[in-house]
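Residue numbers (the numbering used here), protein chains in the order written: chain A, -16 to 146; chain B, 1303 to 1468. Glycine included, C-beta positions come from ideal geometry on N, C-alpha and C.
1) Compute the minimum distance between the beta carbon of residue 60 of chain A and the heavy atoms of the ligand PLP, and state whether it is under 7 Å.
2) Which residue from B/1314, B/1328 and B/1316 puts its Cα closest to that of residue 110 of chain A?
3) Consult DSSP for residue 1410 of chain B and reduce its assignment to one of helix, strand or coil.
4) Which residues in the same chain as residue 103 of chain A place their Cβ atom closer than 6 Å to its Cβ, once the five residues preceding and following it in sequence are excluded?
5) Can you tell me where the alpha helix (DSSP H) holding residue 56 of chain A begins and where it ends?
6) Got a sec? Which residues, its chain only, sit under 6 Å from residue 1341 of chain B by beta carbon, not counting five neighbours each side?
7) Per DSSP, residue 1382 of chain B is paired with what?
8) For the alpha helix (DSSP H) that contains residue 1318 of chain B, what are its first and last residues?
9) Do the stretch 45 to 55 of chain A and the stretch 14 to 30 of chain A make contact, defined as three or more Cβ pairs closer than 8 Å?
10) Please return the same chain residues whose Cβ sits closer than 6 Å to the Cβ of residue 1368 of chain B, not counting the five positions on each side in sequence.
11) Determine, using beta carbons only, whether residue 131 of chain A comes closer than 8 Å to chain B.
12) Select from B/1321, B/1387, B/1344 and B/1319 the residue whose C-alpha is nearest the C-alpha of residue 1458 of chain B.
13) Here's the rule I'm using: 16 or more other beta-carbon atoms within 10 Å means buried, otherwise exposed. How should residue 182 of chain A be labelled?
14) Quick check: what's the CA-CA separation for residue 1468 of chain B versus residue 1440 of chain B?
15) Suppose the cutoff is 6 Å on Cβ atoms and the five residues either side in sequence are ignored; what does the same chain contact list for residue 127 of chain A look like?
16) Are the C-beta of residue 1318 of chain B and some C-beta of chain A separated by less than 8 Å?
17) Could you tell me the distance, in whole angstroms, from the CA atom of residue 1446 of chain B to the CA atom of residue 1339 of chain B?
18) Quick one, which residues of the stretch 12 to 39 of chain A are near chain B if we go by CB-CB under 8 Å, in chain order?
19) In whole angstroms, give me the CA-to-CA distance for residue 144 of chain A and residue 61 of chain A.
20) Identify whether residue 7 of chain A lies in helix, strand or coil by the three-state DSSP scheme.
21) Ends of the beta strand (DSSP E) at residue 126 of chain A?
22) Give the residues from the stretch 76 to 104 of chain A that approach chain B closer than 7 Å (Cβ to any Cβ), ordered along the chain.
23) Within 8 Å of any Cβ in chain A, is that where the Cβ of residue 1356 of chain B sits?
24) Between residue 1429 of chain B and chain A, is any beta-carbon pair separated by less than 8 Å?
25) For the alpha helix (DSSP H) containing residue 1426 of chain B, list its first residue and its last residue.
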């Protein structure tokens, strides 16, 4: 396996900016901030933890992608996973930390007999992002098949073999 | 083999442009619609845009809510502003509810009026004179053919056991 220094540096930078710094920033945040965000129905600690996890997964994917040969099934699979992961990040951002809402972010909460909810409907952009990612995956598959046919690669039944 | 390759190259080129076009379209629509929503919000809630008055008829006890507004759309796309006000009983039943919506073109201003009348019978039946039950209001602003928007839902519970319970 070849060592891809560029991908290692990229993965390290992603880990620093998306995992280490947010978690360190969370430690420095005053308790009043947490109370304020919780009152607004915003779980800031949960959000930062999710961002940190995204950082770890993203760094791992960057590292793996950098160490896989291009015209291979593994590379295609990783490229597909990478695109789906980017779509997850889009939904994460649109849903303000809740990707399961698919772009329908809800903020607010209940306090002292009164409730205040603010709902952001950004599902259109989630749908557009899904179409873009689907096209990107189709493109990757066609590209992969083209490269394979150019290299004269044969795929026997039950596995793949590069000649 | 060569023909297949040419076809694949063409498909890849078409897909490449489709992807770039869709990304640009998404980013432009996101920026324009968020800007329009933000400007629409500042034009709707800023200053003396809306006036709420509550009149209680001393003789009969009937209540009349009236909301007058003249929101302005400072965005790039047309917006739709919706208002809904409702009064609910302690059991969570709607005693009175009314809503209105107005479409405003970019740079324009449009008057908006919403009234909610609660008759004397309903005031007495649901003990509203003692501020029992709850008040609910919804304010929505949408743009891009109602595909993008913000909705605020506020519920204020009045006195009485159990609050509004909605």
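In terms of the structure at hand:
1) Absent from the structure shown: the ligand PLP. Ligands present: none.
2) B/1328
3) coil
4) 88
5) 56 to 77
6) 1376 and 1377
7) B/1405 and B/1444
8) Where residue 1318 of chain B is concerned, the enclosing alpha helix (DSSP H) stretches over 1304 to 1347.
9) no
10) 1355 and 1417
11) no
12) The candidate whose alpha carbon is nearest that of residue 1458 of chain B is B/1387.
13) Since the displayed chain A opens at -16 and closes at 146, residue 182 of chain A lies outside it and no answer follows.
14) The pLDDT assigned to residue 1468 of chain B is 32, lower than 50, so where the model puts this residue is not dependable, and the model offers no usable value.
15) 59
16) yes
17) 10 Å
18) none
19) Summary for residue 144 of chain A: the model assigns pLDDT 43, below 50, so the residue's position carries little reliability; its value from the coordinates is reported in the next sentence. Computed Cα separation, rounded: 18 Å.
20) It is helical.
21) Per DSSP, residue 126 of chain A belongs to no beta strand (DSSP E); it is in the alpha helix (DSSP H), 106 to 134.
22) Within the stretch 76 to 104 of chain A, the residues whose Cβ lies closer than 7 Å to some Cβ of chain B are 96, 97, 98, 99, 100, 101, 102, 103 and 104, listed in chain order.
23) no
24) no
25) 1422 to 1427
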